[in-house]
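Start counting at 1 in the sequence shown, then tack on 67, and there's your number in the numbering used here. Backbone N, C-alpha and C define an ideal beta-carbon position, used for all residues, glycine too.
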Amino acid sequence: MAVTKGNKKPHVLAVPFPAQGHVKPLMKLARQIAKHGIKVTFVNIECVHRQILSSSRAEAEAEDEDMQNLVMTSVSDGRGPGEEHDVFKLLDTLRNSMPRSLTELIETINASTPDERITCVIADITMAYLSRTAESMGAEFVVFSPPSAAAVGILGLIPKLLEEGSMDQDGSVTNGVITSLSKDIPEWKKDEYSWSFAIDLKTQKIFFECSRRIVREVSEARLLISNTCYELETAACDLTPNLLPVGPLTLVNPDGPKPGPKSCSFHPQDLSCLTWLDGKADGSVIYVSFGSLAVFSQQQLDELAFGLEMSGRAFLWVVRADLANGSRAVLPDGLAGENGKIVEWAPQEEVLSHRSVGCFLSHCGWNSTLEGLSRGVPFLCWPYFSDQFHNQKYICDKWEIGLRIDHDENGIRSRHEIREKIDLVFCDDRFRKNASRLKEVTRESVGEGGSSYKNLKKFIDHLRKIC
Ligand code: UDX
68 MAVTKGNKKP HVLAVPFPAQ GHVKPLMKLA RQIAKHGIKV TFVNIECVHR QILSSSRAEA
128 EAEDEDMQNL VMTSVSDGRG PGEEHDVFKL LDTLRNSMPR SLTELIETIN ASTPDERITC
188 VIADITMAYL SRTAESMGAE FVVFSPPSAA AVGILGLIPK LLEEGSMDQD GSVTNGVITS
248 LSKDIPEWKK DEYSWSFAID LKTQKIFFEC SRRIVREVSE ARLLISNTCY ELETAACDLT
308 PNLLPVGPLT LVNPDGPKPG PKSCSFHPQD LSCLTWLDGK ADGSVIYVSF GSLAVFSQQQ
368 LDELAFGLEM SGRAFLWVVR ADLANGSRAV LPDGLAGENG KIVEWAPQEE VLSHRSVGCF
428 LSHCGWNSTL EGLSRGVPFL CWPYFSDQFH NQKYICDKWE IGLRIDHDEN GIRSRHEIRE
488 KIDLVFCDDR FRKNASRLKE VTRESVGEGG SSYKNLKKFI DHLRKIC
């Protein structure tokens, strides 16, 4: 259907997938669009909207005037009582409920502000099925992709892998199968695909089916905005012709020291760790964080705690309330002494910008990867699931800005392995030098005249034209 014409002003509806690692980067894009004077309605599901509001600080920074162009709202997610915490269930319930909820929302907006009807819907890559909803309301449809360009590229290979019989219907390949997209992109082996979840094949099957649907739906999308940068992932960006790299969005719109609801943190940030970091020497602290979803056994957390202690270095560790397989972790007595600081949720972008942080022990989520490398911080890699295995390969093998923490034959990363890798990453200056170079590369890309800067400008100019 033809795009709505005759509006006085463009108006974007931004629809993230309701997980921390998806909402946050789309909000950064939305903020940038709003800064250019374009109205944005950012729509979360109700429980996420409530969570963000209750997590944001009472003394949040005053908003810039142009942020008045950005409105946050919510719709129901279609889940029943007791299902509120099941992120995987959402993949199905959203597919059923979102087209109707968003149609109603757009109808209400269009009726109440006829000069500012919705002209463009930007939806998360997992929700590309919303293209029909957007088109039926006369709006242009654009996909937003939070993970790497390589993670998008590998999805495109699924039909071929199935056809040649290297992959079964559950998304598993037999040992020995190696998938390559280009000589310039690290390859994928068994259990390294973004849908792989070897410890729970039922969940893997859900991820794989979702990935197959994404392949079909994204192939029809006119434009795929990606939170990556051409200079970081040149080969992967070239593989997808309709992909527009505009990142790292963490640099385009970094969180300030007292972020408000429009930074979209799902948990209250413990700012006391910034003062604690102030008291440490430059480049001396290990920052440990596994993002928003990874969980571990108590045994594994014990090994990490002792490994950190044995390293003799200062560490700041984000121990989420559900980190021990959904429960509160039990930490050794006296762990958080002079050298250690434990918080439930950190202001991560501020922490990674702090002069005293010398290394990021990370699960290698794509947001964390970009946040660390664009601030020149070397990595210790401990991937948990999804694209994190491939991000680890970028970090360790292609960019050479970090080291793997390997597990033993029982799947445990031992305290000795942890201590040894901490020593190695701090003692080898190569990692910091390479990370500093990538910091410059990404800053140039988002800076005036850089490739991400130009792409974002091109997109914003396009938004102005389609009203
Ligand atoms: C998930 C996937 O893991 C990731 O690989 C995918 O690309 C996006 O979705 P998540 O596991 O949460 O995300 O990791 P990540 O992508 O790193 O996102 C976590 C976000 O939470 C980051 O933006 C980080 O800054 C923020 N965070 C994390 C905090 O603000 N404070 C914390 O204490 C921890």
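Segment limits, alpha helix (DSSP H) that includes residue i
i           : result
residue 343 : 339-345
residue 100 : 87-102
residue 354 : It is not in any alpha helix (DSSP H) - residue 354 instead sits in the beta strand (DSSP E) that spans 352-356.
residue 279 : 268-285
residue 304 : 301-306
residue 203 : 198-203
residue 220 : 216-222
residue 207 : Element bounds for residue 207: not the alpha helix (DSSP H) but the beta strand (DSSP E), 207-212.
residue 319 : 316-319
residue 418 : 415-420
residue 529 : 518-532
residue 228 : 225-230
residue 456 : 455-460
Exposure of residue i, with buried meaning 16 or more beta-carbon neighbours within 10 Å
i           : result
residue 483 : exposed
residue 442 : buried
residue 515 : exposed
residue 397 : exposed
residue 287 : exposed
residue 436 : buried
residue 95  : buried
residue 125 : exposed
residue 408 : buried
residue 75  : exposed
residue 135 : exposed
residue 281 : buried
residue 523 : buried
residue 494 : exposed
residue 531 : exposed
residue 242 : exposed
residue 236 : exposed
residue 404 : exposed
residue 401 : exposed
Enclosing beta strand (DSSP E) for residue i [first to last residue]
i           : result
residue 408 : 407-410
residue 494 : Note, residue 494: premise wrong, no beta strand (DSSP E); alpha helix (DSSP H) at 482-494.
residue 424 : 424-429
residue 106 : 106-112
residue 312 : 310-312
residue 293 : 291-293
residue 471 : 469-471
residue 440 : Taken as a continuous stretch (DSSP letters only), residue 440 belongs to no beta strand (DSSP E), being part of the alpha helix (DSSP H) at 433-440.
residue 474 : Where residue 474 is concerned, there is no enclosing beta strand (DSSP E), given that its DSSP letter is neither H nor E.
residue 448 : 446-448
residue 82  : 78-82
Same chain, Cβ closer than 6 Å to residue i, five either side skipped, listed in chain order
i           : result
residue 249 : 302
residue 173 : 185, 204
residue 102 : 133
residue 293 : 212, 216, 310, 312
residue 374 : 482, 485, 486
residue 190 : 82, 197
residue 453 : 261
residue 240 : 233, 234, 257
residue 344 : 421, 423
residue 78  : 106, 183, 185, 186
residue 471 : 448, 463
Cβ shell of residue i (< 8 Å), same chain only, five flanking positions each side left out
i           : result
residue 69  : Note that residue 69 scores 44 on pLDDT, short of 50, meaning its location in the model is unreliable and no value can be drawn from it.
residue 438 : 315, 317, 415, 416, 419
residue 120 : 328
residue 160 : 144, 145, 146, 150
residue 113 : 141, 142, 143, 144
residue 490 : 378
residue 393 : 362
residue 444 : 354, 419, 424, 425, 426, 427, 502
residue 367 : 479, 480
Close Cβ partners of residue i (< 7 Å) along its chain, the five nearest in sequence each way excluded
i           : result
residue 430 : 357, 358, 361, 449, 450, 451, 455
residue 162 : 196
residue 417 : 322, 324, 341
residue 347 : 381, 423
Residue i beta carbon near the ligand NAD (any heavy atom closer than 6 Å)
i           : result
residue 355 : As for the ligand NAD, it is missing from this structure, which binds only the ligand UDX.
Neighbour flag for residue i against chain D, beta carbons, 7 Å
i           : result
residue 122 : As a matter of chain content, chain D is missing from the structure shown, which is built from one protein chain.
Continuous alpha helix (DSSP H) assignments of at least 4 residues falling wholly in the stretch 118-187: 154-179
Going residue by residue through the stretch 365-393, where are the continuous alpha helix (DSSP H) segments of at least 4 residues, counting only ones entirely within it? 365-378
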